[in-house]
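First the structure, in the form of structure tokens, and then the observations on it.
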Amino acid sequence: MAQLLSTSDAARIIGVGTTSVKRWADTGLLDCVRTAGGHRRFTRDALDRFVRLQSHDEPVATEVDRWLDTLSSEMSHELALVRARNRLGSWRHVVEELDPVLVEVGRRWAEGELSIAEEHILSERLARALARICESLPLAPNAPTCLLACVESECHTLGLSLAELCLREMGWATLWLGARTPIEAIAERVRVDTRIRLVGLSATEACFDPALLRRVAASVGAVCSERNVELILGGRGPWPDAPSYGDRLPGMNGFADLQKRLRGTRGRRAAL
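As numbered in our numbering, the sequence shown has no gaps in its residue numbers, which increase by one up to the final residue, 794.
Printed below as a string of structure tokens:
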């Protein structure tokens with residue numbers, strides 16, 4: 523009878539984390555047997571066949587899988603981000619790679635593949651590592667400021683954390699209002715703080731209130747227009763398709779164009 527290998531053994535042989543092996547087994551991609559106690563066991567033939575069947579254009583472990591394995595481990599998550607920066611060449615590219623990781627974490631929680639505790643642990647580990655990286659990036663004394671806030675029904679701030687890293691790489695300071703920020707608080711801060719040159723708002727799919735987002739876009743947009751402040755409506759929430767002021771940024775892949783425009787904006791203001 524063929525020797526049966528544990529999940530840890532299978533992960534080591536394939537070269538991925540145990541989370542990926544469990545998911546492939548549970549979805550039928552990787553053949554396994556169950557012990558009387560419910561544990562997964564694998565044959566070497568099944569592992570070899572699985573690796574052979576993978577397309578050369580689609581690696582056995584996607585970057586999303588690798589990031590989830592990293593965040594599930596006890597390794598230095600800050601170091602993992604630095605290594606990704608060295609591999610990809612910029613923090614913006616790291617953010618673009620992390621964006622689908624956030625989507626996958628949300629999907630797994632919604633479908634019951636992650637518990638609330640597991641989702642919170644993954645999110646908090648990433649948020650803390652991103653914050654430490656941001657704090658380490660130098661800023662000029664006269665750096666322009668971006669206000670970052672979630673709408674008042676939104677408690678997920680990781681999208682803001684990714685945006686903050688891109689902005690800090692560009693030399694922008696950030697003013698963090700965070701989760702569940704009322705419209706009036708955002709508008710008032712823009713009115714009184716002359717350092718703010720950009721407002722970035724976030725709403726995820728968890729925000730089921732298009733009417734609220736229309737009010738936010740209209741109210742904050744009016745103040746930003748009056749103060750000549752850029753406005754970005756970020757996240758995959760049901761924002762207006764064509765806001766009267768500001769731009770939509772549903773995912774981090776659009777940050778490259780935003781970077782170009784903000785660099786131009788900063789240059790014009792420096793010349794005034």
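Note that beta-carbon positions come from the ideal geometry of N, C-alpha and C, so glycine has one too.
Fair warning: this is a prediction, and the values are worked out from it, not measured in the lab.
Applying the criterion that 16 or more other CB atoms from any shown protein chain within 10 Å of the CB defines a buried residue, is residue i buried or exposed?
i	result
residue 678	buried
residue 561	exposed
residue 666	buried
residue 538	buried
residue 774	buried
residue 542	buried
residue 638	exposed
residue 614	buried
residue 579	Only weak support exists for where residue 579 lies, its pLDDT of 45 falling under 50; the value from the coordinates is given anyway. Exposed, by the Cβ-count rule.
residue 858	Residue 858 falls outside the range modelled here, since the chain spans only 523 to 794, and no answer is possible.
residue 551	exposed
residue 714	exposed
Can the beta-carbon of residue i be found closer than 7 Å to that of residue j?
i	j	result
residue 617	residue 606	no
residue 721	residue 746	yes
residue 490	residue 672	Only positions 523 to 794 of the chain appear in the structure, and residue 490 is not among them; the question remains open.
residue 630	residue 624	no
residue 557	residue 540	no
residue 741	residue 705	yes
residue 686	residue 656	yes
residue 712	residue 749	yes
residue 682	residue 670	yes
residue 644	residue 593	yes
residue 729	residue 674	no
residue 743	residue 768	yes
residue 661	residue 695	yes
Whole angstroms is fine: what's the gap from residue i's alpha carbon to residue j's?
i	j	result
residue 610	residue 693	19 Å
residue 527	residue 563	5 Å
residue 707	residue 753	15 Å
residue 736	residue 573	49 Å
residue 532	residue 738	50 Å
residue 690	residue 559	50 Å
residue 634	residue 553	22 Å
residue 555	residue 545	14 Å
residue 590	residue 534	16 Å
residue 664	residue 780	21 Å
residue 732	residue 626	23 Å
residue 789	residue 783	Note that residue 789 scores 42 on pLDDT, short of 50, meaning its location in the model is unreliable; the coordinates nonetheless yield the value given after this. Taking the straight line from one Cα to the other gives about 10 Å.
residue 764	residue 628	26 Å
residue 608	residue 680	22 Å
residue 536	residue 567	12 Å
residue 584	residue 547	16 Å
What does residue i pair with, by DSSP beta-bridge criteria?
i	result
residue 698	670
residue 563	555
residue 721	669, 753
residue 703	673
residue 526	565
residue 769	754
Would you check whether the ligand SAH has a heavy atom nearer than 6 Å to the C-beta of residue i?
i	result
residue 783	Only the bare structure without any ligand can be found here, which leaves the ligand SAH out of the picture.
Stretch-stretch touch, CB-based, cutoff 8 Å, three pairs: the region 755 to 772 with the region 711 to 728: By the Cβ criterion, the region 755 to 772 is in contact with the region 711 to 728, since at least three pairs of Cβ atoms, one from each stretch, lie closer than 8 Å.
Segment contact, 8 Å Cβ cut-off, at least three pairs: the region 596 to 603 with the region 633 to 651: Touching, yes.
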